[in-house]
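Take UniProt numbering: the last position of the sequence shown gets the number 340, and nothing is skipped along the way. See structure below.
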Amino acid sequence: RPRVLSGAQPTADSYHLGNYIGAFRQWVALQDEFEAFYFVPDLHAITVEYDPAQLRERTYVAAAQLLAAGVDPERSALFVQSHVPEHAQLAWVLGGVTGFGEASRMTQFKDKTAKGGQDSASVGLFTYPILMAADILVYQADQVPVGEDQRQHVELTRNLAQRFNHRFGETFTVPKPYIVKESAKVYDLQDPTVKMSKSTSSPNGVVNLLDDPKKAAKKIRSAVTDSGTEIVFDPQEKPGVSNLLTIFSVLTDRTVDDVVADFEGKQYGHLKVALGDVVAELVSDFGSRTRELLEDRAELDRILADGAARAREVAVPTLAAVYEASGFAAPR
Ligand code: ATP
Ligand code: MG
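And the structure:
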């Protein structure tokens with residue numbers, strides 16, 4: 009079976025609606041057709057300021073949320089990145105074939121340092137895409153289900169794989185991004201020109217999957233909408249309403265056209281109330297499943313240990329092949 013690989017950072021107390029719509033729904037859908045590797049990228053999470061005790065707790069909460077979202081540990085390997093040391097080892101090797109200039113062109117780094125300035129950013133945040141390339145290539149992944157914001161990093165990964173193969177002989181599968189156009193980017197509810205995000209969104213702009221259902225509905229109802237009154241899908245002229253329509257259509261498994269037709273002649277307020285109810289139900293179910301899973305830490309540990317063992321079955325031989333191709337003298 010072809011392979012998929014993806015992760016979502018434990019950089020907040022909860023994942024958000026953008027992660028769910030842009031990523032997790034695809035992860036879950038791909039489990040049958042693909043050999044799937046899904047992980048909690050704790051190594052990525054230390055590239056910004058953080059608290060160690062909080063990171064440890066967030067790693068468990070993240071794993072529980074991925075299970076609550078529908079990742080099935082029987083079919084997919086679910087693990088914590090730092091449990092598979094080959095990610096970091098491969099990242100170092102890939103650093104040697106990454107140009108400083110090409111790394112400097114990554115827009116996520118620019119976005120994430122726009123506020124604080126690049127001088128106070130860590131080198132880890134800068135080299136983040138190289139570790140992400142290692143995450144993907146160490147599993148010889150064919151497809152990488154991500155949101156639109158990660159397209160550039162997957163493109164870099166493809167370039168690094170091709171370059172390495174060209175210089176040192178066929179070693180890596182060249183992966184493709186798996187991006188579902190309609191749902192690839194969910195926008196901040198308070199500023200529908202920027203993506204909904206754990207680290208850069210306004211508190212009321214993000215619906216967290218672990219939000220209290222009433223609070224989640226309220227955030228939707230107070231979303232910034234556009235001038236005019238007509239409910240139409242027009243991301244250029246009406247980014248606020250269009251964002252709500254996208255969310256509505258994905259969560260109810262209907263086309264945007266279908267949803268628009270339903271709201272013909274109605275006002276923004278009607279759409280917001282209806283979507284608020286849909287979102288409240290989602291986070292209510294999601295929250296209770298997550299809390300239930302968090303009650304049995306021993307079971308979570310077991311799932312994550314099993315996932316890491318399955319991951320290493322693929323990662324260890326890949327790294328060995330990379331070391332061999334790189335010209336490292338094997339220890340004898
Ligand atoms: P951070 O601010 O810590 O980077 P994030 O909100 O960007 O957090 P990630 O953990 O970086 O979330 O991303 C996990 C997955 O969710 C990735 O596949 C990413 O592309 C996707 N994703 C993140 N934000 C959105 C969004 N607003 N819309 C659609 N997909 C998203
Ligand atoms: Mg991100």
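For each residue, glycine too, the CB sits at the ideal point set by N, CA and C.
Margin query: Can you tell me whether Q275 is helix, strand or coil according to DSSP?
Written below: coil
Margin query: My parser needs the alpha helix (DSSP H) runs of 4 or more residues fully inside the stretch 203-288; what are they?
Written below: List check, alpha helix (DSSP H) in window: 221-229, 247-259, 264-270.
Item checked: Nearest neighbour of Y46, chosen from P243, D270, A149 [CA to CA] -> A149
Check: Opposite K184 in the DSSP bridges: which residues?
Finding: Q151
Next item on the list: Answer yes or no: the CB of Q39 versus the heavy atoms of the ligand ATP, is any distance below 6 Å?
Entry: no
Check: DSSP three-state call for E43: helix, strand or coil?
Finding: strand
Note to self: Rounded to the nearest angstrom, what separates G132 and V268 at their Cα positions?
What the structure shows: In a straight line, the C-alpha of G132 is about 44 Å away from that of V268.
Notebook entry, point to check: Measuring CA to CA, which of G26, Q39, A20, A16 is closest to P10?
Noted result: Q39
Check: From E156 to E332, what does the alpha carbon distance come to, in whole angstroms?
Finding: 35 Å
Item checked: Enclosing beta strand (DSSP E) for G315 [first to last residue] -> From DSSP, G315 is part of no beta strand (DSSP E) but of the alpha helix (DSSP H) over 305-334.
Next item on the list: Please classify L86: does DSSP put it in a helix, a strand, or coil?
Entry: strand
Check: What are the boundary residues of the alpha helix (DSSP H) that G107 is part of?
Finding: That residue, G107, is in no alpha helix (DSSP H); it is neither H nor E in DSSP.
Check: Excluding five sequence neighbours on each side, which residues of the same chain lie with their C-beta closer than 6 Å to the C-beta of R166?
Finding: V182
Margin query: the ligand ATP and Q17: does the residue's C-beta get closer than 6 Å to at least one heavy atom of that ligand?
Written below: yes
Notebook entry, point to check: How many angstroms separate the CA atom of G104 from the CA atom of V330?
Noted result: Roughly 12 Å separates the two Cα atoms.
Next item on the list: Could you pull out every residue in the same chain whose Cβ sits closer than 6 Å to the Cβ of M140, ignoring the five residues on either side in sequence?
Entry: H161
Notebook entry, point to check: How do the stretch 193-201 and the stretch 25-38 stand: do at least 3 beta-carbon pairs fall below 8 Å, yes or no?
Noted result: yes
Notebook entry, point to check: Among G277, D261, L218, which has the Cα closest to the Cα of S235?
Noted result: G277
Note to self: Quick check on residue 389: buried or exposed, where buried means 16 or more other Cβ atoms within 10 Å of its Cβ?
What the structure shows: Absent from the model: residue 389. The displayed extent of the chain is 9 to 340, so no value can be given.
Checklist line | Beta bridge counterpart(s) of L139 as assigned by DSSP | finding: DSSP, once it has assigned bridges, lists no residue as partnering L139.
Note to self: In this structure, how does DSSP classify R159 when only helix, strand and coil are distinguished?
What the structure shows: helix
Next item on the list: Would you mind stating whether T121 and A129 have Cβ atoms separated by less than 7 Å?
Entry: yes
Margin query: Let me confirm a value: A328 is counted as buried when at least 16 other C-beta atoms fall within 10 Å, else exposed. Which label applies?
Written below: exposed
Note to self: In whole angstroms, give me the CA-to-CA distance for R66 and V291.
What the structure shows: A straight line joining the alpha-carbon of R66 with that of V291 spans about 18 Å.
Checklist line | Exposure label - residue 344; buried when at least 16 CB within 10 Å | finding: In this structure the chain extends from 9 to 340, so residue 344 is not present and cannot be described.
Notebook entry, point to check: Which residue or residues does DSSP assign as beta-bridge partners of L13?
Noted result: F45
Next item on the list: Pick out whichever of R299, A96, R318, P18 has its Cα sitting closest to the Cα of Q62.
Entry: P18
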